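See structure below.
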Amino acid sequence: MSLWTELRKAKRYRLTFGASIRWLGNDGTLCEAVGTTYDISTCGVFIETVVQLVVDTTVEVDINPPSILLNTRGPELHFEGTVIRAERNSSRDGFAVAGSLSLQERKSAEISSDIEEQRNSS
């Protein structure tokens, strides 16, 4: 019998994307770092990074999945939440964040421009 209880509210997907992380330091200054996603859901994300954040730190994470079109930017995902777990071990360094994921809509003019550039380069 397992003593482990699954606490996640949504299914997580094992996806590795670049991530930019922002938080306020103890002195109120804006801090920034980079990492990669280990897994992601609509209400949680695990970020692998060398940065050591403590539990209860509020963070913003911009996630950059690849585009399906060559030479264009992919969708812009934005995650806001609170660090709920930090890991430092031989298999993985990083932290888990509980919060909310949103899709940052790109302007239709930007998308049209990307598509036109793709057509012209073919």
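In my numbering, the protein residues as written are 303 to 424. The beta carbon of each residue, even a glycine, is placed where N, CA and C say it ideally should be. In this text the structure is predicted, and so the values were computed from the model without any measurement.
Bridge partner(s) assigned by DSSP for residue 330: DSSP lists no beta-bridge partner residue for residue 330.
Since residue 399 sits in a beta bridge, which residues does DSSP pair it with? 347, 385
Rounded distance between the beta-carbons of residue 390 and residue 398, thought under 8 Å: Between residue 398 and residue 390, the beta carbon gap of about 13 Å keeps them out of contact (Cβ cut-off 8 Å).
Near residue 324, what residues of its chain come up, given a Cβ to Cβ distance below 6 Å and the 5 sequence neighbours on each side ignored? 334, 362
Grab me the residues of residue 313's own chain with a C-beta within less than 7 Å of its C-beta, minus the 5 sequence neighbours each way, in chain order. 343
Is the beta carbon of residue 364 less than 7 Å from the beta carbon of residue 322? Yes; because the gap between Cβ atoms is below 7 Å, this pair is in contact.
Residue 331 to residue 422, Cα distance in whole Å? 44 Å
On the CB-based measure, 16 or more other CB atoms within 10 Å of its CB, does residue 317 come out buried or exposed? Residue 317 counts as exposed, since fewer than 16 other beta carbons sit within 10 angstroms of its beta carbon.
How would you label residue 393, buried or exposed, when you count the other beta carbons within 10 angstroms and need 16 or more for buried? exposed
Please list, in chain order, all residues of the same chain as residue 319 whose beta carbon is under 7 Å from its beta carbon, the five residues on each side excluded. 338, 339, 365, 366, 367
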